[in-house]
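**Student:**
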Amino acid sequence: MKAIVTERAGGPDVLQPAEMPRPRIERDDQVLVEIRAVGVNPIDYKMRNDLDRFPVTKPAILGCDGAGVVTEVGAGVERFKPGDEVYFCQPGFNGRQGTYAEYAVVDEALVANKPKSLDFVHAAAAPLVLITAWEALYDRAQLQNGQTVLVPGGAGGVGHMAIQLARIAGARVATSVSSDDKARFVGELGAERVIRYRSEDVVEAVRAWTGGEGVDVAFDTLGDDVFRQCCAAAKVYGDLVTILLPPPDIDWTNARVRNLRISLEMMLTPVLLELPEWEKHQGHILTSAAELFDQARLRVQVARTFPLEEAAAAQEFLEKQHPIGKVVLTLG
Numbered sequence: 007m008k009a010i011v012t013e014r015a016g017g018p019d020v021l022q023p024a025e026m027p028r029p030r031i032e033r034d035d036q037v038l039v040e041i042r043a044v045g046v047n048p049i050d051y052k053m054r055n056d057l058d059r060f061p062v063t064k065p066a067i068l069g070c071d072g073a074g075v076v077t078e079v080g081a082g083v084e085r086f087k088p089g090d091e092v093y094f095c096q097p098g099f100n101g102r103q104g105t106y107a108e109y110a111v112v113d114e115a116l117v118a119n120k121p122k123s124l125d126f127v128h129a130a131a132a133p134l135v136l137i138t139a140w141e142a143l144y145d146r147a148q149l150q151n152g153q154t155v156l157v158p159g160g161a162g163g164v165g166h167m168a169i170q171l172a173r174i175a176g177a178r179v180a181t182s183v184s185s186d187d188k189a190r191f192v193g194e195l196g197a198e199r200v201i202r203y204r205s206e207d208v209v210e211a212v213r214a215w216t217g218g219e220g221v222d223v224a225f226d227t228l229g230d231d232v233f234r235q236c237c238a239a240a241k242v243y244g245d246l247v248t249i250l251l252p253p254p255d256i257d258w259t260n261a262r263v264r265n266l267r268i269s270l271e272m273m274l275t276p277v278l279l280e281l282p283e284w285e286k287h288q289g290h291i292l293t294s295a296a297e298l299f300d301q302a303r304l305r306v307q308v309a310r311t312f313p314l315e316e317a318a319a320a321q322e323f324l325e326k327q328h329p330i331g332k333v334v335l336t337l338g
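With my numbering, the residue at position 267 of the sequence shown is 273, and numbering never jumps.
1) Between the Cα of A273 and the Cα atoms of V247, A296, L335, which residue gives the shortest distance?
2) What residue from E325, F312, V308 has the CA that sits closest to D125's CA?
3) With DSSP as the reference, label L38 as helix, strand or coil.
4) Would you call the region 38–49 and the region 105–117 in contact, with 3 or more CB pairs under 8 Å?
5) Let's see if you can read the secondary structure: which residues bound the alpha helix (DSSP H) around G289?
6) Along the beta strand (DSSP E) that carries P313, what are the first and last residues, could you check?
7) Consult DSSP for C70 and reduce its assignment to one of helix, strand or coil.
8) Is the beta carbon of A66 closer than 9 Å to that of G101?
9) State the DSSP-derived secondary structure class of F94, mapped to helix, strand or coil.
10) Less than 9 Å between the C-beta atoms of G163 and N47, yes or no?
11) Does the beta-carbon distance from F225 to P252 come in below 9 Å?
12) Using only the alpha-carbon positions, how far apart do R173 and L304 sit?
13) Just the Cα atoms here: how many angstroms apart are E271 and V212?
14) Please list the terminal residues of the continuous beta strand (DSSP E) segment that includes G244.
15) For F191 and A161, what's the separation of their Cα atoms in angstroms?
16) From the DSSP output, which residues share a beta bridge with R267?
17) With DSSP as the reference, label Y144 as helix, strand or coil.
18) For G45, which beta-bridge partners are listed by DSSP?
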């Protein structure tokens, strides 16, 4: 099969096309998927830059998100059959294979039927960012109807999902963006307060929007100064969820005095630590989200597509351009 592989860490040029053996089902709870499209995420180029930090097998096939057609199922698989159209997120950890390839063997628990309303490109764009935002807002922060949420970088992959999931929960949303196009986009998604971070102080804008209190939930998807921003923008006894490590030099005094609840979110944990029950949870998230897509209550934005063989260019585009929505690789 065709695949994009890397033998070493480095820049985009380490990603090379290769012919690889088609993967085989090795456990009863696995399915073989013929991949039609692949979502590209920041974790892909982070793995490429620091390959030896991750539990991958070389030559490594990167990629977590995929959408395609089931071609074979293990003896214990009950929910899928050949011909089913599916989407999933599975990093190539602990003997697994990533998605930059024509086929992938995937744990059944991580797979869900593709939303009927989405083509393969849009379905492949959704899983990682969707699960991340869902776990952060619904599982970590336990977001409630009527609460207020800050989502910095709301036009990005995780950000645009978070805005919509917060609105579905009945929350009011503030977000920060850098351009007119991004401001229009997040407004269409339901953001109530759109902050231009290049010309406005985000913390002051949030406090003014909330009557001086701060938001119930601040969701940091960018790290460093944005994490500090979220600490200051959250209300007393509020929640801050981050998908990155907090800055090592942060002064925690203000957060401690104000009794912030700090939560960490990493959606790769179930595969990284081999946690079957949490894999099932992520599969259930995708199943629930498919209903929301098909009800037109949730959408995923695709910024640009690249053919599989241009995976290096796709990663470079995502890393440098910070587009509205997602980047997707197409096959066939």
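Even glycine gets a Cβ: it sits at the ideal position worked out from N, Cα and C. Nothing here was measured: the structure is a model prediction, and the numbers come from that model.
**Tutor:** In short:
1) In the sequence as displayed, the identity of residue 273 is Met instead of Ala. Ranking the options by Cα distance to M273, first place goes to V247.
2) V308
3) Per DSSP, reduced to three states, the secondary structure at L38 is strand.
4) yes
5) Where G289 is concerned, the enclosing alpha helix (DSSP H) starts and stops at 282–300.
6) 308–313
7) coil
8) Not closer than 9 Å, so no.
9) Three-state result, F94: strand.
10) yes
11) no
12) Straight-line Cα distance between these residues: approximately 10 Å.
13) 23 Å
14) 240–248
15) When the Cα atoms are used, F191 and A161 turn out to be separated by approximately 7 Å.
16) According to DSSP, R267 shares a beta bridge with D245.
17) helix
18) V334
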